[in-house]
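Using UniProt numbering, the first residue of the sequence shown is number 1, and each one after it goes up by one.
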Amino acid sequence: MYLLVILALPFVSSLIASLLPARARKLQATLAGTVATICAVMVAWVYPEISAGHIIQSSTPWVPAHGLSFTLRMDGLAWLFSFIITSMGALIALYAHYYLSAQDPVRRFFSFLQAFMGSMLGVVLSGNLIQMVVFWELTSLSSFMLIAYWYHRRDARRGARMSLIITGTGGIFLLAGMLMLGQMAGSYDLGTVLKSGDQIRAHAWYPLMLLLISIGALSKSAQFPFHIWLPQAMAAPTPVSAYLHSATMVKAGVFLLARLWPVLAGTTEWAIIIGGAGLISLTMGAYTAMFQRDMKGVLAYSTISHLGLITLLLGLNSSLALVAALFHIMNHATFKASLFMAAGIVDHETGTRNLNRLSGLRHAMPITATLATVAAAAMAGVPLLNGFISKEMFFSEAITAGNDNTLDYLLPLIAVIAGSFSVAYSLRFIREVFFGPVATDLPRPPHEPPLRMLIPSGILVLTCLLVGIAPALTFGPFLASAARSIMGADMPTYNLHIWHGFNLPLLMSLIATVAGIIIVWFLAHYYPNRQGRTPFLYRFDGRHLFEVFMEWIEVKANALLDRLYSPRLQRQILLIFFVTMLVTVLPLTRGTWLRGPIFTPIDPYFLLIWIIGGACAIGAAYQAKFHRPASLLLSGGAGLVTCLTFAWLSAPDLALTQLTVEVVTLVLILLGLRWLPPRVSSIRHPEDDSNRAALRRSRDFLIAITAGLGVALLAYSIMTRPPSSNVASFFVEQSLPLGGGANVVNVILVDFRGFDTFGEITVLGIVALTVFALLRRFRPPVEAIALPLARRQNIRDSREAVFVEPDPDALLPDGIMRIPAVLVRLLLPIATLISLYFLLRGHNLPGGGFVGGLIMATAIILQYIVGGVVWMESRPLIQPQTWIATGMLTAGAAAMMVWWFDKPFLAAQSWDLTLPVIGTIHTSSALFFDIGVYLLVIGSTVLMLIALAHQSLRFYRKLPAAHAALTAKQEQL
Numbered sequence: 001m002y003l004l005v006i007l008a009l010p011f012v013s014s015l016i017a018s019l020l021p022a023r024a025r026k027l028q029a030t031l032a033g034t035v036a037t038i039c040a041v042m043v044a045w046v047y048p049e050i051s052a053g054h055i056i057q058s059s060t061p062w063v064p065a066h067g068l069s070f071t072l073r074m075d076g077l078a079w080l081f082s083f084i085i086t087s088m089g090a091l092i093a094l095y096a097h098y099y100l101s102a103q104d105p106v107r108r109f110f111s112f113l114q115a116f117m118g119s120m121l122g123v124v125l126s127g128n129l130i131q132m133v134v135f136w137e138l139t140s141l142s143s144f145m146l147i148a149y150w151y152h153r154r155d156a157r158r159g160a161r162m163s164l165i166i167t168g169t170g171g172i173f174l175l176a177g178m179l180m181l182g183q184m185a186g187s188y189d190l191g192t193v194l195k196s197g198d199q200i201r202a203h204a205w206y207p208l209m210l211l212l213i214s215i216g217a218l219s220k221s222a223q224f225p226f227h228i229w230l231p232q233a234m235a236a237p238t239p240v241s242a243y244l245h246s247a248t249m250v251k252a253g254v255f256l257l258a259r260l261w262p263v264l265a266g267t268t269e270w271a272i273i274i275g276g277a278g279l280i281s282l283t284m285g286a287y288t289a290m291f292q293r294d295m296k297g298v299l300a301y302s303t304i305s306h307l308g309l310i311t312l313l314l315g316l317n318s319s320l321a322l323v324a325a326l327f328h329i330m331n332h333a334t335f336k337a338s339l340f341m342a343a344g345i346v347d348h349e350t351g352t353r354n355l356n357r358l359s360g361l362r363h364a365m366p367i368t369a370t371l372a373t374v375a376a377a378a379m380a381g382v383p384l385l386n387g388f389i390s391k392e393m394f395f396s397e398a399i400t401a402g403n404d405n406t407l408d409y410l411l412p413l414i415a416v417i418a419g420s421f422s423v424a425y426s427l428r429f430i431r432e433v434f435f436g437p438v439a440t441d442l443p444r445p446p447h448e449p450p451l452r453m454l455i456p457s458g459i460l461v462l463t464c465l466l467v468g469i470a471p472a473l474t475f476g477p478f479l480a481s482a483a484r485s486i487m488g489a490d491m492p493t494y495n496l497h498i499w500h501g502f503n504l505p506l507l508m509s510l511i512a513t514v515a516g517i518i519i520v521w522f523l524a525h526y527y528p529n530r531q532g533r534t535p536f537l538y539r540f541d542g543r544h545l546f547e548v549f550m551e552w553i554e555v556k557a558n559a560l561l562d563r564l565y566s567p568r569l570q571r572q573i574l575l576i577f578f579v580t581m582l583v584t585v586l587p588l589t590r591g592t593w594l595r596g597p598i599f600t601p602i603d604p605y606f607l608l609i610w611i612i613g614g615a616c617a618i619g620a621a622y623q624a625k626f627h628r629p630a631s632l633l634l635s636g637g638a639g640l641v642t643c644l645t646f647a648w649l650s651a652p653d654l655a656l657t658q659l660t661v662e663v664v665t666l667v668l669i670l671l672g673l674r675w676l677p678p679r680v681s682s683i684r685h686p687e688d689d690s691n692r693a694a695l696r697r698s699r700d701f702l703i704a705i706t707a708g709l710g711v712a713l714l715a716y717s718i719m720t721r722p723p724s725s726n727v728a729s730f731f732v733e734q735s736l737p738l739g740g741g742a743n744v745v746n747v748i749l750v751d752f753r754g755f756d757t758f759g760e761i762t763v764l765g766i767v768a769l770t771v772f773a774l775l776r777r778f779r780p781p782v783e784a785i786a787l788p789l790a791r792r793q794n795i796r797d798s799r800e801a802v803f804v805e806p807d808p809d810a811l812l813p814d815g816i817m818r819i820p821a822v823l824v825r826l827l828l829p830i831a832t833l834i835s836l837y838f839l840l841r842g843h844n845l846p847g848g849g850f851v852g853g854l855i856m857a858t859a860i861i862l863q864y865i866v867g868g869v870v871w872m873e874s875r876p877l878i879q880p881q882t883w884i885a886t887g888m889l890t891a892g893a894a895a896m897m898v899w900w901f902d903k904p905f906l907a908a909q910s911w912d913l914t915l916p917v918i919g920t921i922h923t924s925s926a927l928f929f930d931i932g933v934y935l936l937v938i939g940s941t942v943l944m945l946i947a948l949a950h951q952s953l954r955f956y957r958k959l960p961a962a963h964a965a966l967t968a969k970q971e972q973l
């Protein structure tokens, strides 16, 4: 429960932040910072238990049938990342409060920021492979929102799209790899998987599984060849870059590699894929960073390089290299986030990040210059700073990584080259921004930011100093607990001393430092190109290649669409039916589906009912072309026969649902028919000659007959299967013991198949909102208004219509409609009671939330029909959008509340309540789920009804304009 609170707090705070007033800037930042601080304190509180080697774990059944549980697991590695995520989140909240301008929507920023924090905590705390992938994709989605925060800028939109496509696609590969990994280990529980290393590495699926997981991890950490998204993501606000792209999101990939290191590492394939990608990213990122002209561009490519260093260490198959990788993860988060903050301060106070324009800012911004210089020195690996110790550990591992091949000699050389590049871009970053002559052409005069804006950067720089001076006392315990949680008894012996004497790693560090200084001097004197092009690599533009690839996909998709799409609705439906029929036939080709007797005796009255229903169906199909109302009424007749069939076959729940659905659907479609364009027989299509038309009608007839017979065959095969193999027997037998209800159908809907029902009501709400949004902007054409006007005046040609000023009370009940209107108003409370009756009895008798909601919606529809739109809109009616939202929240709360009783999602929890006078009442959490369904059905139906009814109001309001437009058109003719 403790871990669940830590995980839930950021999501709850994100929801609260989205509801706070938009102008409450200080309150938004205070809320985000407070929640992050509380989470950091809660994480720090359990460190004594974690440092003792214990694992804190909580588990709730999620999908028990497949062995899935919602498991949270905190060991040393998860603790380390959780503390980085939460503590950095608190610092970023303070920094962002002063960074964002008064015009920026802070509500949206802090809401997405906290959602991302919760998603990252979900990744590192997940104790289940599938659960980890779910949170993994949530980080991609929330980071997309943050990168696209300034969506009015094209570079922000394109950068966000690129990051989402690359990281989201990598998440799909990761899901496939995790599914394979779980099958190979025999469980998706992380603890079980981590104990199955030998079994997994010996499995035949290991190479493919490793490749899939590597794609997911490398794409998230912006490693070659997926590194191209990170520089484009620099269009995000600097607080986002400091949080996502230095300390958290890009660390998710290396976290996954470290988490699965006991399972996947130790093979040649691991060294080639992980080590190779890290080696290329290390050198390429460092080389490219030296030539960037944007401050955040330098930091972006340096991040790729440092993440490549971590990935390379993880790929060396060495336990000491793993320790070095973990240590550098902590160090990189401190100095890189501080440098991003410094870049944001410079941009915030001067109006530019262009290195060509910036110079001499140490005079106007001495505190910022000092903090940035120390952080850059840590990134370059200057002694007495944390980056120096990381670099020494890397050089030591580069020397001792023995593979008995040429790489033993190349790896130390590459390490020195990458180290010299790191010194070069770090030195150039500071020299060109803060030193040199004072710039005179800046957009704004530079000055120091508010002191509180410097506090987060100052804390991180102080951490760099303390770790560099006393690493064993500061980061040492955290590093030990994290490494021990991965390697267990195989934990190597190491030390974090500053001084190891004069040795080869120290010599390599000195060479890299001197070489970096020479490179900076060389570039300043012999590389006059100031346009930011990278020598030898500028032709390989990753963004351009990505855009070309996306354009190729779009062209191919359009070509496929041109082949499959047709403006004729018949051809589109033909394709849908053909694919559906093909998929439907597949189950019948294998197995013994068609069991039972071929012919069974049929009651003659039942047969007569179906003959009537078949006649209605055929008549509806025949009349649909030119007589839409008649076709609608005939289809209603077929639906009524279906309702009688359900009742005949002892399915009263289905009969009630079918009846109410038919009523509501009939009215809504009838309202919509009015605004369909009339069929114009004078317009002919090239395919509409007599022979082709007859062939097309014959084809459609055969398809309709085949599809109908196929559905009937499937239904027959299911209903005639022996009871021993029928799942219905399980539902009938376990409805009361497991579901707590005697009504099997309702128990299936709200318990056994509750997840399906939850998805269905979600779709229903989305459809209602979509219909409302579409019809809200819909305006009928002039002809659609003039034609009914002409028909009202019994004029065949709308051009001869004489305009009559509409009566404002034309839609009010008048004359003979007054008495039905009054009676229907009296019917509303009675219908409300009936709907509540069917709602409350649904778990044991025919009824339920869906039926009750449709009965209530039918009563409201009657008010519209008899009372009129104007009368109804003038009354304080329900807000359907609110009902939809309340229904979804109620159903979701009922589905999750059972977690408190250690039951799976959407399981039923029963209570016996003893009330005075009334006595004992047996209730269940399924009732609350049914209430959510009830509210959502009413809201969705009424929302669609309002959207359609408003067209009548627009009809009358638009009559004068329509008449004027027609008059002008007639005069032109």
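Glycine residues also receive a C-beta, built at the ideal position from the N, C-alpha and C atoms.
For Phe335, the enclosing alpha helix (DSSP H) has its first and last residue at Ser319 to Thr350. Under a 10 Å Cβ-count criterion, Pro492 is classified as exposed, with fewer than 16 other Cβ atoms of the shown protein chains found around its own Cβ. Around Ala277, the same chain offers Leu218, Gln223, Phe224 and Thr311 as residues with beta carbons nearer than 7 Å, after the five sequence neighbours per side are excluded. For Met74, the enclosing beta strand (DSSP E) covers residues Leu68 to Met74. Val63 carries a strand assignment under DSSP once its states are collapsed to helix, strand and coil.
Under DSSP, Gln57 shares a beta bridge with Arg73. In terms of Cα proximity to Cys464, the closest of Trp648, Pro450, Phe116 and Lys336 is Lys336.
According to the DSSP assignment, Asp653 belongs to the alpha helix (DSSP H) that extends over Pro652 to Leu673. Annotated three-state conformation of Asp198 is helix, per DSSP.
For the set Phe81, Leu945, Asp294 and Pro505, the Cα lying nearest the Cα of Val667 is the one of Leu945. For Trp610, the uninterrupted alpha helix (DSSP H) segment begins and ends at Pro604 to Gln623. With a contact defined as Cβ atoms closer than 8 Å, Leu7 and Leu125 qualify at about 6 Å.
Taking a C-beta distance under 8 Å as the contact criterion, Val133 and Leu68 do not qualify as a contact pair. Counting only the Cα atoms, Ala235 lies some 23 Å from Pro445. Per the DSSP secondary-structure output, Leu913 pairs in a beta bridge with Ile921. Under the DSSP definition of a beta bridge, Asn743 lacks any partner. Judged by beta-carbon spacing, Ser305 lies within the 8 Å limit of Leu282, meaning their Cβ atoms are closer than that value. Per DSSP, the continuous alpha helix (DSSP H) segment holding Val240 begins and ends at Thr238 to Leu244.
Counting along the chain, the unbroken alpha helix (DSSP H) around Gly759 starts and ends at Gly754 to Arg776. The beta carbon of Phe110 sits closer than 6 Å to the beta carbons of Ala17, Gln28 and Ala32 from its chain, once the five residues preceding and following it are set aside; these are given in chain order. Put simply, the backbone Cα of Ser940 is about 40 Å away from that of His97.
Taking the Cβ atoms as the reference, Asn743 lies roughly 41 Å from His627, outside the contact range of under 8 Å. DSSP, read as helix, strand or coil, puts Ser18 in helix. The beta carbon of Ala333 sits closer than 6 Å to the beta carbons of Ile84 and Ala247 from its chain, once the five residues preceding and following it are set aside; these are given in chain order. Comparing alpha-carbon positions, the option among Asp104, Phe11 and Met1 lying closest to Ala24 turns out to be Asp104. Here Pro437 is exposed. Its C-beta has fewer than 16 other C-beta atoms within 10 Å. Spanning the alpha carbons of Arg353 and Asp347 requires a straight line of approximately 5 Å. Excluding residues up to 5 positions away in sequence, His97 lie with their Cβ nearer than 8 Å to the Cβ of Lys26 in the same chain. Residue environment for Arg153: exposed (fewer than 16 other C-beta atoms within 10 angstroms of its C-beta). For Ser302, the enclosing alpha helix (DSSP H) covers residues Met295 to Leu314. In this structure, the alpha-carbon of Ala265 lies about 6 Å from that of Asn317. Just so you know, the alpha carbons of Ala44 and Ile486 end up roughly 20 Å apart. Separation of Ile55 and Leu77 (C-alpha to C-alpha, rounded to the nearest whole angstrom) is 10 Å.
Measuring C-alpha to C-alpha distances from Ile609 to each of Leu586, Gly637, Ala620 and Lys625 identifies Gly637 as the nearest. Asp562 sits in a helix when the DSSP states are folded into three classes. In the assembly as shown, Val374 is a buried residue. Its beta-carbon has 16 or more other beta-carbons within 10 Å.
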